[in-house]
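Peer 1: I am attaching a structure below and will ask some questions about it afterwards.
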Amino acid sequence: MGFKTPLYDTHVAAGARIVDFGGWDMPVNYGSQIEEHHAVRRDAGMFDVSHMLVTDIVGPRAREYLRYVLANDVAKLKASGKALYSCMLNEHGGVIDDLIVYFMDDALFRVVLNAGRRDADLAWLKRHATAFQVEIRPRTDLAMIAVQGPNAREKAVHVLGDAIAGALDLQPFFGREFGSYFVSRTGYTGEDGWEIALPAAQAPDLWQRLKAAGVAQCGLGARDTLRLEAGMNLHGNDMDESVTPLESGLGWTVAFEPEDRDFIGRSALEALRARGVPRKLVGLVLEERGVLRSHQKVIVPDVGEGELTSGTFSPTLERSIGFARVPSATTDRVLVDIRGKLLPARVVKYPFVRNGKALV
Numbered sequence: 179m180g181f182k183t184p185l186y187d188t189h190v191a192a193g194a195r196i197v198d199f200g201g202w203d204m205p206v207n208y209g210s211q212i213e214e215h216h217a218v219r220r221d222a223g224m225f226d227v228s229h230m231l232v233t234d235i236v237g238p239r240a241r242e243y244l245r246y247v248l249a250n251d252v253a254k255l256k257a258s259g260k261a262l263y264s265c266m267l268n269e270h271g272g273v274i275d276d277l278i279v280y281f282m283d284d285a286l287f288r289v290v291l292n293a294g295r296r297d298a299d300l301a302w303l304k305r306h307a308t309a310f311q312v313e314i315r316p317r318t319d320l321a322m323i324a325v326q327g328p329n330a331r332e333k334a335v336h337v338l339g340d341a342i343a344g345a346l347d348l349q350p351f352f353g354r355e356f357g358s359y360f361v362s363r364t365g366y367t368g369e370d371g372w373e374i375a376l377p378a379a380q381a382p383d384l385w386q387r388l389k390a391a392g393v394a395q396c397g398l399g400a401r402d403t404l405r406l407e408a409g410m411n412l413h414g415n416d417m418d419e420s421v422t423p424l425e426s427g428l429g430w431t432v433a434f435e436p437e438d439r440d441f442i443g444r445s446a447l448e449a450l451r452a453r454g455v456p457r458k459l460v461g462l463v464l465e466e467r468g469v470l471r472s473h474q475k476v477i478v479p480d481v482g483e484g485e486l487t488s489g490t491f492s493p494t495l496e497r498s499i500g501f502a503r504v505p506s507a508t509t510d511r512v513l514v515d516i517r518g519k520l521l522p523a524r525v526v527k528y529p530f531v532r533n534g535k536a537l538v
């Protein structure tokens, strides 16, 4: 048995199929995964993301500390509540985790860590905290529900009412506290919506009220197809501690300017750039019948080989899509080895889908 979120009993009572995810017992679906996917694209769906860990970074040197442990630069965060996506790297430039960091005030930043990486992340953060005299405070008292889709915010505010008055004014990639709720306009689906952190004991009641308001219960299966359509990486698939962001489509998250900012992994990334980055992450659309899956071999004629890092059938596009790490010289066509057959795939710029619209 794995760890359980405050909503575990709620999922079981709803008939969810429970699977292990990063050591947590989580719902993969409540019935039709495709229907859950479409609910988010077309209306509103919700996910239990309480297995992710909200963590507060506290101390007068919190900004200085995060400028050192993150590859993106939190100096960009000027307005209270503004969020930034970043990778946290090891000394070799490998991705320990990708995360979102919020600037609350000069002595308080908030980060959200991925479920399967929370122990490794906390150990890494604490390892470097002493030199900056900051405190790492895991908020294990909080649960988190992601409400996503074109009608998600309106349905959520209808449920919560005055408790989150003003949340509809939040701009994308901003978060704000509303009493006991921390509401952020972020997500992992390519749709508009909120991620709502709240006291763990209140989560089951909020879940049921959102359900009654017509917000569909959605599991990790739909979350994966949605995030892949949206062109969003998954740690452990599309990047890990052995792969740099420059080889994972995440070069845009690395702030090399200003040149005098030192951050963990910088020298390794600069050396890689000087040598020439040998691989890149690309989007693929399969041109024949079949399903792309991680670890399938990719053949790039006259160039070399690569590998699928993520793959799925896209419910929105009704085609198979994926990410592949391939030689940097790869252009617009590849072949994918699916059960011994070499099937043609088109190299595309992702995201594949955003705000319900096909982009490829």
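Using my numbering, you'd call the opening residue of the sequence shown number 179 and step up by one each time. From the three backbone atoms N, C-alpha and C, an ideal C-beta is built for every residue, glycine too. Computed from a predicted model, the values in this text were never measured in an experiment.
Using the Cα positions of residue 369 and residue 330, report the straight-line distance between them to the nearest angstrom.
Peer 2: CA-to-CA, the gap between residue 369 and residue 330 works out to about 9 Å.
Peer 1: Pick out the complete alpha helix (DSSP H) segments inside the stretch 290-341, 4 residues or longer, and give them in chain order.
Peer 2: 296-307, 330-338
Peer 1: Touch check for the stretch 360-369 and the stretch 323-339: three-plus C-beta pairs under 8 Å?
Peer 2: Contact between the stretch 360-369 and the stretch 323-339 is present, because at least three Cβ pairs lie under 8 Å.
Peer 1: Given this structure, state the Cα-to-Cα distance separating residue 341 from residue 513, to the nearest angstrom.
Peer 2: One C-alpha to the other measures close to 53 Å.
Peer 1: Counting Cβ pairs, one atom from each stretch, are 3 or more of them under 8 Å apart for the stretch 504-512 and the stretch 469-487?
Peer 2: yes
Peer 1: Leaving out five residues on either side along the sequence, give the residues of the same chain with a beta carbon under 6 Å from the beta carbon of residue 305.
Peer 2: none
Peer 1: For the beta strand (DSSP E) holding residue 261, just list the boundary residues, first then last.
Peer 2: 261-267
Peer 1: In angstroms with no decimal places, state the Cα-to-Cα distance between residue 375 and residue 350.
Peer 2: 16 Å
Peer 1: Which residues bound the alpha helix (DSSP H) around residue 228?
Peer 2: According to the DSSP assignment, residue 228 belongs to no alpha helix (DSSP H), since it is labelled neither H nor E.
Peer 1: Once DSSP output is grouped into helix, strand and coil, what is the label at residue 212?
Peer 2: helix
Peer 1: Taking 7 Å as the threshold (C-beta atoms), are residue 208 and residue 395 in contact?
Peer 2: yes
Peer 1: Using CA atoms only, rank isn't needed, just tell me which of 317, 442, 347, 308 is closest to residue 377.
Peer 2: 317
Peer 1: Pick from 358, 187, 498: whose alpha carbon is nearest that of residue 465?
Peer 2: Nearest option by C-alpha distance: 498.
Peer 1: I'd like to check one pair, residue 422 with residue 271: are the Cβ atoms closer than 7 Å?
Peer 2: yes
Peer 1: Name the two residues that bound the continuous alpha helix (DSSP H) containing residue 247.
Peer 2: 240-247
Peer 1: Per DSSP, which residues does residue 483 bridge with? Please list them.
Peer 2: 477
Peer 1: Inspect the CB distances between the stretch 476-495 and the stretch 509-527 and report whether three or more fall short of 8 Å.
Peer 2: Yes, they touch.
Peer 1: Between which two residues does the beta strand (DSSP E) holding residue 366 run?
Peer 2: No beta strand (DSSP E) holds residue 366; DSSP gives it neither H nor E.
Peer 1: What are the boundary residues of the beta strand (DSSP E) that includes residue 384?
Peer 2: Per DSSP, residue 384 belongs to no beta strand (DSSP E); it is in the alpha helix (DSSP H), 381-390.
Peer 1: Could you give the residue range of the beta strand (DSSP E) that holds residue 498?
Peer 2: 497-505
Peer 1: What does residue 356 pair with, by DSSP beta-bridge criteria?
Peer 2: 359
Peer 1: Across which residues does DSSP place residue 193 in a beta bridge pair?
Peer 2: The partner list for residue 193 (beta bridge, DSSP) is empty, contrary to what the question assumes.
Peer 1: Residue 204 to residue 437, Cα distance in whole Å?
Peer 2: Rounded to whole angstroms, the separation of the alpha carbons of residue 437 and residue 204 is 43 Å.
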